[in-house]
Structures are given as structure tokens and as C-alpha cells.
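Chemist:
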Amino acid sequence: MQPRCTSGSPRHVPRRHSPYDRSNSGAHSGHSTGSAGSVNRQTQGQYRRGETSYLPGMTLTDLWFDCPLDYNNPKGEWIKVFVREVVSTGRERSNQPALLYLEGGPGFPAPRPVSKSVGWLHRSLEEYRVYLLDERGTGNSTPVTHETLSHFPSPQQQAAYLMHFRADSIIRDCERIRSILLNQERWTVLGQSYGGFLIMRYLSEAPHALEAAIITGGLPPLQRSAEEVYRATFRRVMERNRRFYERYPGDVKRVQDIVRHLHYNPTPLPSGGLLTARRFLQLGMGFGMASGFEYTHYLIEQAFLTPPVLPTPAPVPPPAAPAPSA
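Have a look at this one:
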């Protein structure tokens with residue numbers, strides 16, 4: 238059966254086993270790793286089950302998988318990929334089907350659960366055992382940061398390394414994890430923003446692996462060029478700007494004043510960068526959000542501090558004349 242994209246509750250094939258029922262020599266081996274980007278070759282193909290924690294209504298278990306940095310060169314460097322398993326309390330050993338969540342970005346780790354009441358997670362846990370993937374390079378997986386990239390002596394080597402953190406490698410990680418964890422059983426995937434792009438890659442590369450695909454946002458232009466998409470986006474941006482200033486006409490002058498000020502006086506930021514006029518105008522990206530107009534308006538209306546009104550100081554009496562000498 239071919240997978241399907243849906244916004245509802247996908248049909249699923251019943252799981253035959255729970256991961257807790259499977260024997261895996263690496264699941265509790267506690268094998269040690271070397272550097273952040275390498276693993277013990279004797280443990281390749283295994284996964285390590287880490288800490289289990291308990292939140293109201295949820296049981297969370299940390300899982301680490303060993304994956305090749307370059308799937309075309311499995312004898313080369315290997316990296317760690319982190320997955321957090323989330324299951325409803327009392328269903329730890331149940332045979333619920335699996336759902337893999339793919340986060341947006343690119344560059345963001347999977348969400349960290351703090352409450353079962355979160356909409357999509359609450360609904361998913363009613364039916365699924367949820368797996369939150371820190372896509373390679375993010376979160377608890379082998380990281381890609383300016384510190385790690387600084388170890389490469391040239392920009393060309395940095396770029397060559399980063400090529401292994403694209404969507405194609407992320408999906409091959411997913412397939413490796415699925416084969417180890419689920420014994421080749423299909424799972425459902427849920428993608429948010431960039432996660433939707435990843436799902437399209439997944440559907441192209443391994444459709445047999447998916448029971449269903451749920452895309453909440455992020456559809457790549459399959460038959461359009463990037464330029465066409467951006468030109469359409471420009472028109473949407475202009476329309477959203479018109480509607481914003483229609484709702485808050487007083488912000489026209491406020492924005493003009495802010496842009497004029499930043500043009501001549503770029504403002505240092507705590508991060509070390511500069512708030513320039515062009516950088517300020519990037520706030521318009523928030524116009525695509527449901528409450529983006531309001532968030533931007535409230536930020537703009539407090540852009541300039543009003544100097545405090547100080548009380549008029551009392552007159553200071555002149556100094557007393559020195560006493561005459563005897």
C-alpha cells in the first residue's frame with residue numbers, strides 16, 4: 238500500500254511488537270563514544286537506550302543511534318543521532334503504532350515536551366508512540382555550530398562537511414532508525430515547516446516505509462522555480478504590509494522614524510551584531526503569523542523611550558560670605 242498525505246487521523250497497520258519487547262544488544266550496552274563525531278566501530282548498527290523520565294501523563298526515553306556521516310562512505314566517520322520516545326503513561330509496553338515528528342528549520346531540534354496538553358502531541362499520544370528526532374546537526378545529535386565548524390581549516394572543507402547534513406542524509410537517518418527500532422515496520426511521519434520538505438524527500442526516496450504522511454506546513458514547489466515562488470511571495474508581502482498599516486495607521490510614522498534613526502545610528506545588540514534599518518524591517522516576516530500584526534505593533538509603539546519629566550530643582554542659595562577676620 239502506498240502512503241497517503243492527510244490532515245486527519247491516518248489509518249495504520251497494527252504494531253506487532255513494542256520496542257520494549259525487542260532484544261537489542263546495543264539497547265542497554267552503554268557503549269562509550271569517542272569525539273562528538275565518532276563512535277566505537279564495534280557498536281555500529283546498535284542503539285543505546287538512555288535515561289527515562291516521567292512527566293504528568295507521559296513517559297520519555299532517550300535513544301541514541303549511530304549513523305554514518307556519509308552514507309556513501311560507511312567506513313568513514315560516524316555521528317550520533319538522538320531520538321526521544323514519548324508514550325502515554327501506562328502504555329509503555331503497548332503495541333501502539335509509531336509516529337515520527339520532523340521539526341522545522343532547518344537547524345532546529347525537536348521540541349522538548351513540557352506538558353501533554355500541547356495540541357498535536359496530546360492528540361498523537363492517544364494513538365501513537367511518538368518519536369521526536371533531533372535531526373543531525375541539531376539538539377543532542379552530533380552538533381553543527383560555529384565552534385565545531387571552526388575546526389576545519391578552510392571554508393571549502395566546512396562546506397563539504399555541511400553537505401552531509403542535508404535532507405537526503407536526514408531521511409537516510411530516519412530509515413536507519415526505523416530499521417533498527419521498528420524491525421522494518423512502517424511508521425507515520427508528521428512534518429512541520431521544513432519537516433514538510435523532509436517528508437516530500439521521504440515520499441520520493443522510501444514511500445514503502447510510510448504508513449501515512451501528515452504535513453502541517455512546508456511544501457516545496459515541485460513544479461515551480463524558486464524565483465517564481467519568491468515573486469509570488471513578494472506580492473503577498475506587499476498585501477500584508479498594506480493590511481498592517483490599514484489596521485495601525487499610526488505605525489506609518491513610527492516605522493519611518495525608526496528606519497531613519499537606524500539608518501544613521503545602527504544600534505549594537507547583546508549578541509554582538511548591529512540592529513540596522515534593513516534588519517529591523519525583517520520584522521515583517523511575522524506578518525505571516527496569526528498574531529504577527531499585533532506583536533509587531535506593540536513592539537514598534539515602545540521603540541523610543543520617553544525622557545522622564547524631572548522636577549524643577551529648588552534654587553540653590555548663594556554661599557555665605559566669609560566671616561571678617563579679627
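For the sequence shown, this note's numbering assigns the number 238 to the initial residue and increments by one for each residue that follows. For every residue, glycine included, the Cβ atom is placed at its ideal position computed from N, Cα and C.
By Cβ distance below 8 Å, which residues in the same chain neighbour proline 350 in space, the five residues on each side in sequence not counted?
Modeler: Leu292, Met295, Leu297, Arg321, Val323, Leu358, Leu369
Chemist: With a threshold of 8 Å, are at least 3 pairs of Cβ atoms found where one atom belongs to the stretch 385-396 and the other to the stretch 405-417?
Modeler: In short, these stretches do not touch, since the Cβ pair count stays below three.
Chemist: Find out if the Cβ-Cβ distance for the pair phenylalanine 481, phenylalanine 530 is shorter than 8 Å.
Modeler: yes
Chemist: What residue range is occupied by the uninterrupted beta strand (DSSP E) comprising glutamate 329?
Modeler: Unbroken run through glutamate 329: none, as it is neither H nor E.
Chemist: Where does threonine 549 land, buried or exposed, given buried means 16+ other C-beta within 10 angstroms?
Modeler: Under this definition threonine 549 is an exposed residue.
Chemist: Where DSSP assigns a beta bridge to arginine 468, which residues make up the other side?
Modeler: Arginine 468 is not bridged to any residue.
Chemist: State buried or exposed for alanine 404, treating a residue as buried only when at least 16 other CB atoms are found within 10 Å of its CB.
Modeler: buried
Chemist: Given that a residue counts as buried once 16 or more other Cβ atoms are within 10 Å of its Cβ, and exposed if not, what is isoleucine 438?
Modeler: Note that residue 438 is arginine in the sequence shown here, rather than isoleucine. Flag for arginine 438 reads buried.
Chemist: Can you tell me whether DSSP reads phenylalanine 345 as helix, strand or coil?
Modeler: coil
Chemist: Cα separation between leucine 447 and glycine 525?
Modeler: 31 Å
Chemist: Is it the case that the stretch 501-518 contacts the stretch 453-473, given that we only count it when at least three CB pairs across the two stretches are under 8 Å?
Modeler: When C-beta atoms of the stretch 453-473 are compared with those of the stretch 501-518, fewer than three pairs fall below 8 Å, so the two segments do not count as touching.
Chemist: Just how far apart, CA to CA, sit arginine 259 and glycine 341?
Modeler: Low local confidence applies: a pLDDT of 41 at arginine 259 is under 50, so the model's placement there is unreliable, and no value is given.
Chemist: If we call anything under 8 Å between Cβ atoms a contact, is aspartate 307 one with histidine 401?
Modeler: yes
Chemist: For threonine 289, which residues of its own chain have a beta-carbon under 6 Å away from its beta-carbon, when the five flanking residues on both sides are left out?
Modeler: Thr298
Chemist: Using 8 Å as the threshold, is the stretch 440-460 in touch with the stretch 473-489, meaning 3 or more CB pairs across them?
Modeler: no
Chemist: Using C-beta distances below 7 Å, list every residue in its chain close to aspartate 488, excluding the 5 sequence neighbours before and after it, in chain order.
Modeler: If we look at aspartate 488 and ignore the five residues flanking it on each side, its Cβ neighbours are Tyr482, His534, Ile537.
Chemist: In the DSSP assignment, what residue or residues form a beta bridge with isoleucine 414?
Modeler: Beta-bridge pairing links isoleucine 414 to no other residue.
Chemist: Between which residues of its own chain and isoleucine 417 is the CB-CB distance below 6 Å, once the five residues before and five after are set aside?
Modeler: Tyr284
Chemist: Residue range of the alpha helix (DSSP H) that arginine 516 falls in?
Modeler: 514-518
Chemist: Just list the alpha helix (DSSP H) runs in the stretch 380-467, keeping only unbroken ones of 4 residues or longer that don't cross its boundaries, in chain order.
Modeler: 383-386, 392-399, 404-418, 431-442
Chemist: So what does DSSP say about aspartate 299, is it helix, strand or coil?
Modeler: strand
Chemist: List the endpoints of the continuous alpha helix (DSSP H) containing aspartate 371.
Modeler: Per DSSP, aspartate 371 belongs to no alpha helix (DSSP H); it is in the beta strand (DSSP E), 366-371.
Chemist: What's the call for leucine 300, buried or exposed, on a 16-neighbour Cβ count within 10 Å?
Modeler: buried
Chemist: Taking C-alpha atoms, which residue in Pro305, Gly454, Asn377 lies nearest to phenylalanine 319?
Modeler: Asn377
Chemist: Who are threonine 289's beta bridge partners in DSSP?
Modeler: Thr298
Chemist: Do you know how far the Cα of serine 331 is from the Cα of isoleucine 316?
Modeler: Between isoleucine 316 and serine 331, the alpha-carbon positions lie close to 31 Å from each other.
Chemist: Secondary structure at valine 553, three-state DSSP: helix, strand or coil?
Modeler: coil
Chemist: Quick check on alanine 551: buried or exposed, where buried means 16 or more other Cβ atoms within 10 Å of its Cβ?
Modeler: Under this definition alanine 551 is an exposed residue.
Chemist: For glutamate 442, which residues in the same chain have their Cβ closer than 7 Å to its Cβ, ignoring the five residues on either side in sequence?
Modeler: Excluding residues within five positions, the ones whose Cβ falls inside 7 Å are Ile408.
Chemist: To the nearest angstrom, how far is the alpha carbon of glycine 454 from that of proline 305?
Modeler: 29 Å
Chemist: Run through the DSSP bridge pairs and tell me what arginine 321 is partnered with.
Modeler: Asp299, Leu369
Chemist: Within the continuous alpha helix (DSSP H) that includes leucine 358, where are the two ends?
Modeler: 356-362
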